[in-house]
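Written out below as structure tokens is the structure these notes cover.
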Amino acid sequence: MPHFPKPFFKKARRQWYVEINRRQIALGPDRDEAFRRYHELMRQPQTRTVNPTHFSAIADLFLDWVKQNRAPDTFEWYRYRLERFCDRYPDLRATELRPFHVQQWVDSYTSLSRTSKRNYVRTMKRCCKWATQQGYLDADPLTHLEVPGADRRETNVSVEEYHQLLSLIRDQNFRDLVIVTWETGCRPQESLRVEARHVDLTHQRWVFPKAESKGKRQPRIVYLSEAAVEITRRRIAQYPSGPLFRNRAGRPWSPDAVNCHFDRVRVRLMQDNGLVSPETIEADVEALIPQLKSTRIVGGECVDKTERELRQEARRKVLGQHTKLLIPRYSLYALRHAWATRALQSGIDGLTVAILMGHSDPSTLARVYQHLAHQPEHLLKQARKATAG
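Each residue of the sequence shown is one higher than the one before, counting from 51 in our numbering.
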């Protein structure tokens with residue numbers, strides 16, 4: 051029995067799509083108009099054949115390779131960005147691809163950070179480099195496209211800030227995750243994926259085999275402090291199989307869920323410190339409500355928002371705006387950075403710190419992770435020690 055593609059609605063983008071020959075085609079936000087366009091496409095069989103000379107076909111081949119040879123998260127990372135490029139240039143031939151196509155595509159997202167724009171360019175360059183290496187392209191069309199710099203993570207979490215953060219974390223599951231990251235300096239993907247099978251309690255460490263470590267070049271070993279050992283032991287008893295760190299619903303933490311939880315803690319931090327008065331918040335909420343869209347999409351249908359829903363949305367956005375301006379953006383990576391700074395400040399040599407953090411190149415520590423430049427007292431003390439007679 052033949053299979054016919056059916057339109058489907060993406061809530062995140064508020065648009066209807068149909069997948070034809072492994073390529074998703076945007077049909078628009080209106081249901082009736084989307085189905086009209088869908089029927090037009092189905093009446094034109096010739097448009098449903100993906101031309102192998104089109105860039106979208108090259109992107110599909112690259113994604114097939116990534117799916118076979120890289121981690122699922124890596125596949126999703128590339129898929130999301132390549133899909134957006136193909137949506138913008140659905141009929142672009144691979145031989146016609148030029149750097150200005152990528153630059154104009156990236157520049158069209160005016161709200162993206164420098165790091166996000168960098169990742170968009172990296173995605174395109176990696177795809178074209180792979181296609182050239184495999185012989186699908188005679189020459190790489192993006193060789194001379196410059197990759198923009200990334201935003202530096204400047205959040206330096208002091209010991210005092212860390213304890214203040216802990217005091218505002220109400221969920222013990224999230225608290226365990228934060229403490230372990232602070233105590234070990236592990237990568238977020240390591241704490242989010244560690245399972246009981248990775249734990250060596252005898253030697254107080256986590257051991258990730260080469261196939262599961264970053265870069266897949268050598269096993270990754272995370273050494274545990276006493277506090278981290280206690281938490282790990284408790285989590286193993288609770289979850290003898292599968293990821294150790296999970297939320298209150300028993301589901302493994304995802305990066306987005308972790309960031310959302312940090313954002314809620316940041317809001318509490320702003321409110322507890324009295325940085326914005328309740329009167330200011332309420333005034334901003336009242337001013338924002340008339341500017342909000344009064345409808346939302348539910349199951350593909352447009353429905354009116356209730357007054358309560360509008361007020362909740364406005365309050366959420368107002369708190370987020372004030373928090374973004376007044377409170378640093380804390381994250382698991384910021385805690386990892388803080389661990390590196392504390393380790394260097396305590397006198398541990400840079401090579402040992404790099405090994406403990408899992409770096410194959412010790413220079414990464416100096417370029418990215420240490421924040422001693424924000425510790426003038428420590429640097430002054432070391433400078434005087436160097437010149438002491």
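In this text, a Cβ means the ideal position worked out from N, Cα and C, and glycines have one as well.
Just so it is clear, the structure is predicted and the values come from calculations on it, not from any experiment.
- For Gly78, the uninterrupted beta strand (DSSP E) segment begins and ends at 73 to 78.
- Cβ contact annotation for Cys177 (same chain, cutoff 8 Å, sequence separation greater than five): Ile108, Ala109, Phe112, Tyr128, Leu132, in chain order.
- Straight through space, the alpha carbons of His104 and Glu146 are spaced by roughly 9 Å.
- The DSSP-derived three-state label of Gln254 is coil.
- With fewer than 16 other beta carbons inside 10 angstroms of its own, Val353 counts as exposed.
- Of the candidates Val171, Gly199, Ala84, the residue whose Cα lies closest to the Cα of Gln154 is Val171.
- For the pair Thr205 and Ala384, the CB atoms are nearer than the 8 Å cut-off.
- When DSSP states are grouped into helix, strand and coil, Gln65 belongs to the strand group.
- Ranking Phe295, Asp226, Tyr212 by CA distance to the CA of Ala246 puts Phe295 first.
- Annotation: the continuous beta strand (DSSP E) that includes Tyr273 extends over 270 to 273.
- Counting along the chain, the unbroken beta strand (DSSP E) around Asp354 starts and ends at 351 to 354.
- Taken through DSSP and simplified to helix, strand or coil, His248 comes out as helix.
- Taking Ala299 as the centre and dropping the five residues before and after it, the same chain places no C-beta closer than 7 Å to its C-beta.
- If the five residues before and after Val152 are omitted, its C-beta is found closer than 7 Å to the C-beta atoms of Val171, Met174, Leu192, Leu195, all from its own chain and listed in chain order.
- In this structure, Ala76 places its C-beta atom within 8 Å of the C-beta atom of Asp137.
- Counting other Cβ atoms within 10 Å of its Cβ, Tyr88 reaches 16 or more and is therefore classed as buried.
- Distance between Phe125 and Arg284, taken at the CA atoms: about 33 Å.
- Distances from the CA of Arg225 to each of Pro198, Phe312, Ser304 were compared; the closest alpha carbon is that of Phe312.
- When rounded, the separation of the alpha-carbon atoms in Ile405 and Ile398 is 11 Å.
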